[in-house]
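Asks:
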Amino acid sequence: ASRGSQPALAALVNASSEPAALEPLLAALPSLLPLAPSSGGVCGVLANLSRDPGAAPRVLRALGPGAEPLLRALSGARPPAELGAFLCNLSQAPEGRQTLLDRSGAVVRRMLALVRWPQVEMRRGVVGALRNCCFQHENHEWLLSPDVDALPLLLLPLAGPEDLPEEEMEQLPVDLQYLPLEHRREEEPEIRKMLLETLMLLAATKPGRCHLRSQGSYLVLRELHTWEKDPEVLSTCEKLIQVLIGDEPEEGMENLLEVTIPEDMERRLRDLDREEEEERRRK
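Residue numbers (full-length UniProt numbering): 1 to 283.
In structure tokens form, the structure reads like this:
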């Protein structure tokens, strides 16, 4: 977008948070979407529009086959930070998760690459979207497979540069071994907690738990637990450790998502996402 169009886009972002602007802006999407790859303003409009559960599928339809504008925005050298909130909102709708988890893997791989992005707004949105995508256990095997290889990228922000014994170090994925001293864990407690929740969802099925164990996830969590100071993150870390080191559930109860009724947990997390977003908007 040109410099002269920035005030107009800023006004659109503000207007897009008002219910009365929903229909006119949805109608204007074909004109706005070509700007999306480089425009934080357009991504901000898309994020606000997609907060409405009824509007999210319409935004997706406007993106067209393969969600090309979304892919272009994700693939840019400097994707707008506002894209994170848009991805998180999209992931709350079944159609959105289907788009993000397209089996070409192009979208989800790019999202995983943004987990370590410098801008906290982007990291928060991307990790929230990845977590929401993991509620559907049917996708876990694919996400953990070599095609996507999500686990090392989810563990890396939780891992520190601690010097482990060689036999422990060799249990970790190669990308997590011998991290440099300057490597830092994710600085935001909220994002660390969401990463742990994502891993908890991936550990909901027996194959997922086996994969996490085989890749040395416990070692990363053990060191995180020693380092962590935030009570909520500590509690989430302890629950995940217990899932990994505890006894396997009895036959027929191996899928923890099916046992614990994921709709309730999903609704609770969606409400928390909305409350956190409202809190950020008030600041």
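Even glycine gets a Cβ: it sits at the ideal position worked out from N, Cα and C.
Got a sec? Which residues, its chain only, sit under 6 Å from Q215 by beta carbon, not counting five neighbours each side?
Replies: The answer, listed in chain order, is L151, P173.
Asks: Since R97 contacts N132 with CB under 8 Å, what's their CB separation in whole angstroms?
Replies: With 8 Å as the limit, R97 and N132 qualify as a contact, their Cβ atoms being about 7 Å apart.
Asks: Could you tell me how far apart the beta carbons of A56 and L90 are, in whole angstroms, since I believe they sit closer than 8 Å?
Replies: Right, the Cβ-Cβ distance comes to about 6 Å (below 8 Å), so this counts as a contact.
Asks: Taking L156 and L143 to be in contact with their CB atoms under 8 Å, please state how far apart those CB atoms are, rounded to whole angstroms.
Replies: Not really, about 15 Å apart at Cβ, beyond 8 Å.
Asks: In terms of residue numbering, what span does the alpha helix (DSSP H) encompassing T205 cover?
Replies: Unbroken run through T205: none, as it is neither H nor E.
Asks: Select from P165, G105, R123, E138 the residue whose C-alpha is nearest the C-alpha of P146.
Replies: That would be G105, whose Cα lies nearest to the Cα of P146.
Asks: Would you kindly work out how many angstroms separate the C-alpha atoms of E238 and V148, rounded to a whole number?
Replies: If I take the Cα positions, the gap works out to 27 Å.
Asks: Check this for me: beta carbons of M111 and A129, under 8 Å apart or not?
Replies: Cβ distance < 8 Å, so M111 and A129 count as in contact.
Asks: Excluding the 5 residues flanking V120 on each side, which residues of the same chain have their C-beta closer than 7 Å to its C-beta?
Replies: E188, listed in sequence order.
Asks: Can you tell which of R103, L201, P24 has its C-alpha closest to the C-alpha of Q136?
Replies: For the residues R103, L201, P24, the minimum Cα distance to Q136 belongs to L201.
Asks: Roughly how far, in whole angstroms, is the beta-carbon of E82 from the beta-carbon of C43, given that I think they are within contact range, below 8 Å?
Replies: Confirmed, about 4 Å.
Asks: Less than 8 Å between C-beta atoms, sequence neighbours within five positions excluded: which residues of the same chain meet that for R213?
Replies: Cβ neighbours of R213 beyond the five flanking positions: L244.
Asks: Out of V13, L49, T99, P118, state which residue places its alpha-carbon closest to the alpha-carbon of G40.
Replies: For G40, the nearest C-alpha among the options comes from V13.
Asks: With 16 other CB atoms within 10 Å as the buried threshold, where does A203 fall?
Replies: Buried is the call here.
Asks: Mapping the DSSP letters down to three states, classify P19 as helix, strand or coil.
Replies: Reduced to three states, the DSSP call for P19 is helix.
Asks: Identify whether S214 lies in helix, strand or coil by the three-state DSSP scheme.
Replies: Correct three-state label for S214: helix.
Asks: Give me the Cβ distance between L219 and E168, rounded to the nearest whole Å; I'm assuming they're in contact under 8 Å.
Replies: L219 to E168, Cβ: 5 Å. Contact.
Asks: Taking the continuous alpha helix (DSSP H) assigned at Q98, which residues delimit it?
Replies: Unbroken alpha helix (DSSP H) run through Q98: 94-100.
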